[in-house]
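According to the numbering used here, the sequence shown is numbered sequentially starting from 106.
Each residue gets a CB set at the ideal place from its N, CA and C atoms; glycine is no exception.
Inspection log for the structure reproduced underneath, given as structure tokens.
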Amino acid sequence: MQKLGLQGHLWFLVCGIGVLFGVGFAPYLHAAPEGATVFAEVNGQQISQYEFDAAVHMAARQRFFHRDAGEGKLAALRLETAKAIIDRLLLLDEAKRRQMSVSPAALSAQVELEAKRFHVDGLGDEHRRKLMASLHEQVKEKLLLRMLEQEVKNLTEPGEAAVRHYYEQHLDKFTTPAQLRVSVILLRVAPSSGSAVWQAAHDEAGRLYARIQAGADFAELAQLHSSDASADNGGDLGFVHQGMLSPEAQEVVDGLAVGQVSEPVALLQGIAIFQLTERRAAEVNPYERVRQRAISLLQRERGEVAWSELIHALRAKAKIVVRNDGALEQQIMKDYVPAAE
């Protein structure tokens, strides 16, 4: 029965549980001591309780930054960590079953890149040797998993009928959102300024607003008085869509008619006056214009489905035993044991 080494498998997980393919390299830690309690067995490969607890501890530090996460969040993280470890082992086994291998040149180049990133040259000889051995194994597994993912997701290009059907069923993905062309005069005020400074800016904006209402040119006043980067363009921000402006600014411009100027409004950056100069309604782009994008999106979605199906198939065939934690084992088995026929 094969026993896993901590540095060879689990440390990918600590810099983002669930992200299976990045090198989450951590400083070398001793492997589990001989006779350590077994946490789980995955197709005959043992994961020690020591290794699992270490991975959970590091993941918790990454996610919660020493804050008290509470029992509920920690339980969820333990489950997430366990599933990520198991899935990774299953995918590595699948890559080996497909007889995938990493070219020495690609492996050497990536190891060298990661070694520079972690400044291993400044370490003592023995420490550096251990780190490099661990890093070499991690990078090899990372590249194997990347190759497997690329192979699974590299599907043939969908036919024309499938692409057009996808386009018709997902018109929202091919719609140019409604847009507003907006100009602004901003009298900038530091957020930490006192109320007197804010009031002075508001009074000045009120005088500018009155001049605009009396016929003064908005663009000219923007050039003279606005502290926004758009001042040189007469305050013209160009076309903006939902989400580009702050909620307070968006609410103001949404209520304007074309050509209308808003009263002064307080924003985080200062006091602003807006002018709406044009509205463009949302527009569905014709199929011919977005056909290539539809192909790309459909291929990507099909690839994700194929990848998910592979993971589920590997889970269904796997022999997994979790020791000494009945509650966690029960949760894991919900996803790893196929439903009874």
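Using DSSP's beta-bridge definition, name the partner residues of residue 284. By one-based count along the sequence shown, residue 284 stands at place 179. Its beta-bridge partners are 346 and 385.
Where the beta strand (DSSP E) through residue 146 begins and ends: Taking the sequence shown and counting its residues from 1, one reaches residue 146 at position 41. The continuous beta strand (DSSP E) containing residue 146 extends over residues 143 to 147.
Starting from residue 180, trace the alpha helix (DSSP H) in both directions and tell me its first and last residue. Translated into the one-based positions of the sequence shown, residue 180 becomes position 75. Its alpha helix (DSSP H) spans residues 175 to 202.
Under the rule that 16 or more other beta-carbon atoms within 10 Å means buried, what is residue 213, buried or exposed? Your numbering for residue 213 matches position 108 in the sequence shown. Exposed, since its Cβ has fewer than 16 Cβ neighbours within 10 Å.
For the beta strand (DSSP E) that contains residue 371, what are its first and last residues? Looking up residue 371 in the sequence shown gives position 266. Start and end: 370 to 372.
Could you work out which residue in 312, 356, 162 and 394 is closest to residue 182 when comparing CA atoms only? Taking the sequence shown and counting its residues from 1, one reaches residue 182 at position 77. When only C-alpha atoms are compared, the closest one is 162.
Helix or strand or just coil, what does DSSP make of residue 379? Taking the first residue of the sequence shown as position 1, residue 379 is located at position 274. Under the three-state reduction of DSSP, residue 379 is assigned to strand.
How is the beta strand (DSSP E) around residue 365 delimited, first residue to last? Looking up residue 365 in the sequence shown gives position 260. Run containing residue 365: none; DSSP gives neither H nor E here.
Coil, strand or helix - residue 294 by DSSP: Along the sequence shown, one-based indexing puts residue 294 at 189. Residue 294: coil per DSSP, three-state reduction.
According to DSSP, simplified to helix, strand and coil, what is residue 333? Looking up residue 333 in the sequence shown gives position 228. For residue 333, the secondary structure class from DSSP, reduced to helix, strand or coil, is coil.
Three-way DSSP call (helix, strand, coil) for residue 153 in this model: For the purposes of this step, residue 153 is taken as the residue at position 48 of the sequence shown. Residue state for residue 153 is assigned as strand, using DSSP reduced to three classes.
Taking the C-alpha atoms as reference points, what is the distance between residue 334 and residue 371? Residue numbering aside, residue 334 sits at position 229 when the sequence shown is read from its first letter. Residue numbering aside, residue 371 sits at position 266 when the sequence shown is read from its first letter. Roughly 18 Å between the two C-alpha positions.
What does DSSP give as the partner residue(s) for residue 226 in the beta ladder? Locating residue 226 in the sequence shown gives position 121, counting from the first residue. According to DSSP, which records beta bridges pairwise, residue 226 is partnered with nothing at all.
Delimiting residues of the alpha helix (DSSP H) encompassing residue 68: As shown, the chain starts at 106 and ends at 446. That puts residue 68 outside it, with no answer to give.
Please return the same chain residues whose Cβ sits closer than 7 Å to the Cβ of residue 311, not counting the five positions on each side in sequence. As a working mapping, residue 311 is identified with position 206 in the sequence shown. Excluding residues within five positions, the ones whose Cβ falls inside 7 Å are 369.
Determine the contact status of residue 283 and residue 387, defining contact as a CB-CB distance below 7 Å. For this step, residue 283 is matched to residue 178 along the sequence shown. For this step, residue 387 is matched to residue 282 along the sequence shown. Yes; because the gap between Cβ atoms is below 7 Å, this pair is in contact.
Please check the pair residue 288 and residue 339, which I expect to be a contact at CB under 8 Å, by giving their CB distance rounded to whole angstroms. One-based indexing of the sequence shown puts residue 288 at position 183. One-based indexing of the sequence shown puts residue 339 at position 234. Separation of the CB atoms of residue 288 and residue 339 is rounded to 7 Å, and the pair is thereby assigned contact status at 8 Å.
Output needed for residue 154: all residues of its chain with C-beta closer than 6 Å, excluding positions within five of it in sequence on either side, in chain order. Along the sequence shown, one-based indexing puts residue 154 at 49. Correct list, in chain order: 142 and 144.
Enclosing beta strand (DSSP E) for residue 426 [first to last residue]: As a working mapping, residue 426 is identified with position 321 in the sequence shown. Note, residue 426: beta strand (DSSP E), 425 to 427.
At least 3 beta-carbon pairs within less than 8 Å: the stretch 360 to 367 vs the stretch 261 to 274: No, they do not touch.
8 Å contact criterion, which residue 490 and residue 379 should meet: CB distance rounded: The structure shown does not extend to residue 490, since the chain is modelled only from 106 through 446, so no value can be given for it.
According to DSSP, simplified to helix, strand and coil, what is residue 322? Sequence index remark: in the sequence shown, residue 322 carries index 217 (1-based). Under the three-state reduction of DSSP output, residue 322 falls in the coil class, being neither helix nor strand.
With DSSP as the reference, please indicate the residues paired to residue 460 in a beta bridge. With the chain covering 106 to 446 only, the question about residue 460 has no answer from this structure.
Taking buried to mean at least 16 other C-beta atoms within 10 Å of its own C-beta, is residue 192 buried or exposed? The count along the sequence shown starts at 1 and reaches residue 192 at position 87. Here residue 192 is buried: its Cβ has 16 or more other Cβ atoms, across all protein chains shown, within 10 Å.
Taking DSSP as the reference, what is the three-state secondary structure of residue 277? As a working mapping, residue 277 is identified with position 172 in the sequence shown. Residue state for residue 277 is assigned as helix, using DSSP reduced to three classes.
How many angstroms separate the CA atom of residue 177 from the CA atom of residue 184? Within the sequence shown, the letter at position 72 stands for residue 177. Within the sequence shown, the letter at position 79 stands for residue 184. Between the alpha carbons of residue 177 and residue 184 lies a gap of roughly 11 Å.
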